[in-house]
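With my numbering, letter number 190 in the sequence shown gets 199, and the count goes up by one each step, no holes. Structure, as structure tokens:
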Amino acid sequence: MPSLALVLDLIAIRDCIACRVELDQRGLCQACAADLQATLHPLATRNTLLTQAWAIGTYAGTIGALVRRSKFDHDQHASALLVGLLRHALLDGLPAVVDLVVPVPTTPWRIALRGFHLPEQLGEVVVEATGTPMRWALRRRWGGAQARRSFQERLDAGDSLFAPVGTVAGHVLLVDDVVTSGASMHAAAAELIAAGATSVSCVVLAAAGPLRRVRVGFC
10 MPSLALVLDL
20 IAIRDCIACR
30 VELDQRGLCQ
40 ACAADLQATL
50 HPLATRNTLL
60 TQAWAIGTYA
70 GTIGALVRRS
80 KFDHDQHASA
90 LLVGLLRHAL
100 LDGLPAVVDL
110 VVPVPTTPWR
120 IALRGFHLPE
130 QLGEVVVEAT
140 GTPMRWALRR
150 RWGGAQARRS
160 FQERLDAGDS
170 LFAPVGTVAG
180 HVLLVDDVVT
190 SGASMHAAAA
200 ELIAAGATSV
210 SCVVLAAAGP
220 LRRVRVGFC
């Protein structure tokens, strides 16, 4: 009698974990695999709260598709691939000296639902590559998701998104899976600056576009 695992494997739909085209085995199709590049690309940070920022790919591309698969489908295969991409991108180190690595937090119930927290895994990769310590210097306040809010609504919600956990110092690196409007990243940076950081930079897997400017006095 075949095992339950074998039966499930036989009836499972095999698809590309990025574009979902049908495949003979689980993984990436040739087109999506060819679109992946494990290289950090700088993002413009003028008139933002960030000193420097980097992303591996775009939210509209394969990297973004993998991030969505990881976040919304709780696909740990996609997460492992993304972690590996960042590790490869940091083989020559981070193009900046930082004093502390801080993963952008989410709520405990989202971590429980997904079974993992991708920004934490990415932060551990940065620690491996740079030797910089990592600390949970922020906590996510309870509240609604940012996904359905406009950019201005996201900025207005900034004060209620995060709370500092202790004080920080020096150049702090925020680590997250994606930056879309940039409002959450700015909210996190504002809290770190208020907690003592002299400067804040960030590294993400995917960016939806250039970081938007924020109004003077946001922090």
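All C-beta atoms in this analysis are idealised placements derived from N, C-alpha and C, irrespective of residue type, glycine included.
Spatial distance of residue i from residue j (CA atoms)
i: Gly66; j: Glu200; result: 26 Å
i: Ala42; j: Ile26; result: 10 Å
i: Arg29; j: Cys38; result: 9 Å
i: Arg150; j: Ala196; result: 12 Å
i: Arg144; j: Arg96; result: 19 Å
i: Asp108; j: Glu133; result: 14 Å
i: Gly179; j: Gly205; result: 8 Å
i: Val212; j: Pro117; result: 22 Å
i: Leu103; j: Val92; result: 15 Å
i: Gly70; j: Asp44; result: 8 Å
i: Val225; j: Leu58; result: Because Val225 carries a pLDDT of 39, less than 50, the predicted location of this residue cannot be relied on, and the following value inherits that uncertainty. Taking the straight line joining both Cα atoms gives about 10 Å.
i: Asp185; j: His126; result: 10 Å
i: Asp82; j: Glu31; result: 17 Å
i: Gly231; j: Ser88; result: This structure gives no information on residue 231, because the portion of the chain shown stretches from 10 to 228.
i: Arg222; j: Arg23; result: 42 Å
i: Gln155; j: Ser193; result: Unreliable positioning characterises Gln155 in this predicted model, as indicated by a pLDDT of 48, which lies under 50. The coordinate reading is nonetheless provided below. The alpha-carbon atoms of Gln155 and Ser193 are separated by roughly 8 Å.
i: Ala40; j: Val76; result: 17 Å
i: Ala172; j: Val181; result: 16 Å
Identity of the residues DSSP links to residue i by a beta bridge
i: Phe171; result: Arg149
i: Asp44; result: BP columns for Asp44 are empty, so no partner.
i: Ala215; result: Gly66 and Val187
i: Leu201; result: Looking at the DSSP assignment, Leu201 forms no beta bridge with any residue, so it has no partner.
i: Val209; result: Val181
i: Gly36; result: Cys25
i: His50; result: Ala64
i: Arg143; result: One point to set straight first is that residue 143 is Met, not Arg, in the sequence displayed. Answer is Val110.
Residue i versus the options, residue with shortest Cα-Cα distance
i: Val174; options: Asp185, Ala146, Val212 and His50; result: Ala146
i: Val110; options: Lys80, Ala74, Ala69 and Pro142; result: Pro142
i: Leu94; options: Asp82, Gln61 and Gln130; result: Gln130
i: Ala217; options: Val209, Thr115, Ser190 and Ala198; result: Ser190
i: Arg123; options: Val106, Ala98 and Arg78; result: Arg78
i: Ala62; options: Tyr68, His50 and Phe171; result: His50
i: Arg119; options: Leu99, Lys80 and Leu220; result: Lys80
i: Glu137; options: Asp101, Ala192 and Tyr68; result: Asp101
i: Ala198; options: Ala215, Leu214, Leu170 and Pro219; result: Leu170
i: Pro112; options: Val187, Leu52, Gln85 and Ala74; result: Val187
i: Leu140; options: Thr115, Thr176, Ala40 and Val106; result: Note on residue identity: the sequence assigns Gly, not Leu, to residue 140. When each option's Cα is compared against that of Gly140, the closest is Val106.
i: Asp84; options: Leu52, Tyr68, Thr115 and Gly36; result: Gly36
i: Pro114; options: Gln46, Thr207 and Leu183; result: Leu183
heavy atom of the ligand SAH below 6 Å from residue i C-beta
i: Val113; result: Of ligands this structure carries none, so the ligand SAH is not represented either.
Residue i, enclosing alpha helix (DSSP H) - first and last residue
i: Val111; result: No alpha helix (DSSP H) contains Val111, which is instead part of the beta strand (DSSP E) from Leu109 to Pro112.
i: Glu133; result: Leu127 to Thr139
i: Arg96; result: Gln85 to Ala98
i: Thr71; result: Thr71 to Phe81
7 Å Cβ cutoff, residue i in contact with chain B
i: Arg144; result: Note that chain B does not occur in the displayed structure, where there is just one protein chain.
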